[in-house]
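Number of protein chains: 2
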Amino acid sequence: MDIRTLCLGILSLGNATGYEIKKLVGEGSFSFFSEASYGSIYPALTKLTEEGLIECKEKVQSKRPDKKIYSLSDAGRKVLEHSLQSAPKPDKNKSEFLAALLFAEAVAPDRIPDLIDERIAHHDHQIKQLSDMRNQEDGKASLFVLEYGLAVQKAARDYLSNGKNRFNG
Amino acid sequence: MDIRTLCLGILSLGNATGYEIKKLVGEGSFSFFSEASYGSIYPALTKLTEEGLIECKEKVQSKRPDKKIYSLSDAGRKVLEHSLQSAPKPDKNKSEFLAALLFAEAVAPDRIPDLIDERIAHHDHQIKQLSDMRNQEDGKASLFVLEYGLAVQKAARDYLSNGKNRFNG
DNA sequence: AATTACATGTAATCCGTTACATGATTGA
DNA sequence: TCAATCATGTAACGGATTACATGTAATT
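Protein chains in written order, with this note's numbering: chain W, 1 to 169; chain A, 1 to 169.
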């Protein structure tokens, strides 16, 4: 999924500014399965507007910088709908943790228990974040996706805490 | 983790050619948490050799193209060891499936059950692959990582099959 | 007093994939 | 006979991040 479709999709859930989109993919409900930086979001929004797939309303603010609130147009909705007809491409998961764990066996085995403990803490943190978000989610799919994330995080944490003793002795 | 560290790490587990490294990250035990193409692997191996972090033995073959078998040098081992001391960077997970699921609610809700069924089939396939690999794994960490993958895949599949009915009615 | 949040945008740079180039051998 | 496997490598291209540029206001 390219950045353009990502923007269309996020806007299908509600109007937003570039800044807000960045927050969503950087820390919010999208952050555990997507990512993007300002350097890709802003140009994408400009281009989508030129193409008529989204619309832009400028909102002048006094105590804050002016905003550009984007919304999905009918044309954009159709394009998004069309994109969703084809099968999603397989996930891309890059995990330095798993790589480090694997490589540590040969060159730094003492490091493994720490690596796992830090990871468990990390999962706990993620689980807490997602749990907190759950109370704020609205849509069915939105909740479903968030709980998918929760289920995966919990499984990972449980696997690690049950299995870490393999490296203690 | 950059491509260089990835190569060092893979070579820490055993000697390999560029071709074999590509197979490992593309289909093998690494494929579910890492990725790389020939276009990045071969130049990386050349450069690591120039830097003395890996060594290269050319093996002339008659019925097959000649091979370059790479192995980790002592210097390379130290560099790898050092890399593993710092905390691994957080995972990067890109899932078109989750994005599609989320976006489908607004523009193509009828598509959701299919999306989920295809995903369950995909998880089943992955689980089978990983289970098959499990019997061939050797190292402790190698098995541990593979089973981590299995645990996560199973949790995802179970979550989806238990929850998909939310979108049927 | 200093940092974070708000808010947008561009240019340089990095990094990696895709496509190209080559060619024998084996299995379907 | 045709596709896939084995095997290495480069060049063009694309896409995204990082850093830069700017400035107010709220928070710590």
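For each residue, glycine too, the CB sits at the ideal point set by N, CA and C.
Proximal residues of chain A, C-beta to C-beta of Pro88 of chain W below 9 Å:
As a working note, residue 88 of chain W is residue 88 in the first sequence. What Pro88 of chain W touches in chain A: Ser95, Glu96, Phe97, Leu98, Ala99, Ala100, Leu101, Leu115, Glu118, Arg119.
Is Ile41 of chain W closer than 8 Å to Lys22 of chain W when the C-beta atoms are compared?
For this step, residue 22 of chain W is matched to residue 22 along the first sequence. For this step, residue 41 of chain W is matched to residue 41 along the first sequence. Against a cut-off of 8 Å, the Cβ pair of Ile41 of chain W and Lys22 of chain W comes out as a contact.
Taking the alpha-carbon positions, what's the Leu24 of chain W to Phe32 of chain W distance?
Walking along the first sequence from the start, residue 24 of chain W turns up at place 24. Walking along the first sequence from the start, residue 32 of chain W turns up at place 32. Approximately 10 Å between the Cα atoms of the pair.
Starting from the Cα of Leu72 of chain W, find the closest Cα among W:Ser34, W:Asn15, W:Leu98, W:Ala106 and give me that residue.
Taking the first sequence and counting its residues from 1, the one referred to as residue 72 of chain W is at position 72. Comparing Cα positions, the closest option is W:Asn15.
Can you name the residues that DSSP bridges to Tyr70 of chain A?
Numbered from 1 along the second sequence, position 70 holds the residue referred to as residue 70 of chain A. Answer is A:Ala16, A:Cys56.
Assigned exposure category for Asn162 of chain A - 16 Cβ within 10 Å defines buried:
Translated into the one-based positions of the second sequence, residue 162 of chain A becomes position 162. Its Cβ having fewer than 16 others within 10 Å, Asn162 of chain A is exposed.
Beta-carbon of Val107 of chain W versus every beta-carbon of chain A: anything under 8 Å?
Taking the first sequence and counting its residues from 1, one reaches residue 107 of chain W at position 107. So yes, Val107 of chain W belongs to the interface.
Can you have a look at Gln85 of chain W and say buried or exposed, based on whether 16 or more other CB atoms are within 10 angstroms of its CB?
Here residue 85 of chain W refers to the residue found at position 85 of the first sequence. It counts as exposed.
Between the stretch 14-37 of chain W and chain A, which residues of the former have CB atoms less than 7 Å from a CB of the latter, in chain order?
Phe32, Phe33, Ser34, Glu35
Where Thr5 of chain A and His122 of chain W are concerned, what is the direct C-alpha to C-alpha distance, given to the nearest angstrom?
Here residue 5 of chain A is taken as the residue at index 5 of the second sequence, counted from 1. Here residue 122 of chain W is taken as the residue at index 122 of the first sequence, counted from 1. The alpha-carbon atoms of Thr5 of chain A and His122 of chain W are separated by roughly 23 Å.
Is the Cβ of Glu81 of chain W closer than 8 Å to any Cβ of chain A?
Translated into positions along the first sequence, residue 81 of chain W becomes position 81. Yes, contact with chain A.
Compare the C-alpha of Asp138 of chain W against each of A:Leu102, A:Ala36, A:Glu27 and name the closest.
The residue labelled residue 138 of chain W in the question sits at position 138 within the first sequence. Measuring from the Cα of Asp138 of chain W, the nearest candidate turns out to be A:Leu102.
What's the C-alpha gap between Glu51 of chain A and Leu45 of chain A?
Mapped onto the second sequence, residue 51 of chain A falls at position 51. Mapped onto the second sequence, residue 45 of chain A falls at position 45. Near 10 Å, if we compare the C-alpha coordinates of Leu45 of chain A and Glu51 of chain A.
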